[in-house]
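K.L.:
The structure is given below, and queries will be raised subsequently.
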Amino acid sequence: MGFPTNETDELWKDLYRFGISKITEEEAKKLPHPTLPIPGTKDYLIQLDIWHELHCLNDLRMLLYPERFPGLAAVTDENGVIDRTSIEFRHWDHCVDSIREALMCHADVAPIPFRVNFPANKVIVPRLATTHTCRNFKKIQEWAKAHRAGAWSYKVTPEQAEEIMRASGFDNAPWEDIQDQYMAFPGNPYFKYWREHPEEAERARQEAAEGKKELA
Numbered sequence: 005m006g007f008p009t010n011e012t013d014e015l016w017k018d019l020y021r022f023g024i025s026k027i028t029e030e031e032a033k034k035l036p037h038p039t040l041p042i043p044g045t046k047d048y049l050i051q052l053d054i055w056h057e058l059h060c061l062n063d064l065r066m067l068l069y070p071e072r073f074p075g076l077a078a079v080t081d082e083n084g085v086i087d088r089t090s091i092e093f094r095h096w097d098h099c100v101d102s103i104r105e106a107l108m109c110h111a112d113v114a115p116i117p118f119r120v121n122f123p124a125n126k127v128i129v130p131r132l133a134t135t136h137t138c139r140n141f142k143k144i145q146e147w148a149k150a151h152r153a154g155a156w157s158y159k160v161t162p163e164q165a166e167e168i169m170r171a172s173g174f175d176n177a178p179w180e181d182i183q184d185q186y187m188a189f190p191g192n193p194y195f196k197y198w199r200e201h202p203e204e205a206e207r208a209r210q211e212a213a214e215g216k217k218e219l220a
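Residue numbers (this note's numbering): 5 to 220.
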């Protein structure tokens with residue numbers, strides 16, 4: 005840690021710079037929630053959550069150094085007022101909650117002993133350098149390197165989208181869409197409203213679809 009340098013910035017990215025992973029159809033069938041196939045292949049898309057968590061942590065780290073990273077300045081006006089409704093700020097809010105959820109989920113219960121801070125202050129302090137039971141992080145990185153999804157496009161044609169959705173197992177209902185977005189951005193009032201009014205989300209989507217047909 006310490007003050008960031010070009011070297012430490014790259015080391016942070018190296019922790020999670022593995023992109024999206026691919027798994028087989030048989031492996032995809034074992035997932036608790038369905039995922040999407042990679043267009044034009046027999047493989048399916050996943051991302052290990054640890055990469056998302058580290059990406060979020062790195063984003064928050066960079067906020068500590070506004071003189072080096074432009075993130076906070078980009079959402080601050082000329083009067084110094086931060087736009088907390090911006091997509092960027094809501095993303096940071098999402099990151100805080102995502103890391104909280106991950107910490108609570110994995111709940112490291114390694115016991116931290118105490119010691120006397122002598123001779124500096126002669127007070128009792130925790131000895132944070134304790135022993136943890138860890139997963140083999142290098143092995144996880146190796147798996148991700150071996151299962152990179154490779155080059156593929158997030159953008160698809162309407163026809164490709166229909167085929168992907170047909171094969172995915174999703175019901176593609178507005179409730180499913182909004183539920184996912186609200187879980188990702190729990191502080192966002194927009195997603196909160198639509199989550200609580202799924203019938204309006206359905207009507208809005210139908211109207212949008214009809215509008216596209218008329219334009220065509």
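Quick reminder that beta carbons are idealized off the backbone N, C-alpha and C, glycines included.
#1: Ends of the beta strand (DSSP E) at valine 120?
#2: Tell me, which residues are paired with serine 25 by DSSP?
#3: If I follow the unbroken alpha helix (DSSP H) through valine 100, where does it start and stop?
#4: State buried or exposed for alanine 32, treating a residue as buried only when at least 16 other CB atoms are found within 10 Å of its CB.
#5: Using a 10 Å radius around the Cβ and a threshold of 16 neighbouring Cβ atoms, would you call tyrosine 158 buried or exposed?
#6: Flag this pair as yes or no: are the beta carbons of arginine 131 and arginine 139 separated by less than 9 Å?
#7: So, is alanine 155 buried or exposed, given that buried needs 16 or more other C-beta atoms within 10 angstroms?
#8: Which residues in the same chain have their Cβ closer than 7 Å to the Cβ of leucine 58, if we skip the five residues on either side of it in sequence?
#9: With distances taken between CB atoms, is the gap from aspartate 47 to lysine 26 smaller than 9 Å?
#10: Would you kindly check if the distance between the Cβ of methionine 66 and the Cβ of proline 115 is under 9 Å?
#11: For threonine 12, which three-state DSSP category applies?
#12: List the DSSP bridge partners of isoleucine 86.
P.N.:
The structure says:
#1: Taken as a continuous stretch (DSSP letters only), the beta strand (DSSP E) holding valine 120 covers 118–121.
#2: Paired residue(s): Ile50 and Arg152.
#3: Bounds of the alpha helix (DSSP H) holding valine 100 are 91–110.
#4: By the neighbour-count rule (16 or more Cβ atoms within 10 Å), alanine 32 is buried.
#5: Counting Cβ neighbours within 10 Å, tyrosine 158 comes out exposed, since fewer than 16 surround it.
#6: No, these two residues do not count as a Cβ contact at 9 Å.
#7: Counting Cβ neighbours within 10 Å, alanine 155 comes out exposed, since fewer than 16 surround it.
#8: Cβ contact annotation for leucine 58 (same chain, cutoff 7 Å, sequence separation greater than five): Leu19 and Tyr20, in chain order.
#9: With respect to the 9 Å criterion, aspartate 47 and lysine 26 are classified as neighbours on the basis of their beta carbons.
#10: Not in contact: proline 115 and methionine 66 (Cβ atoms no closer than 9 Å).
#11: Here threonine 12 carries a helix assignment [DSSP, helix/strand/coil].
#12: Per DSSP, Thr80.
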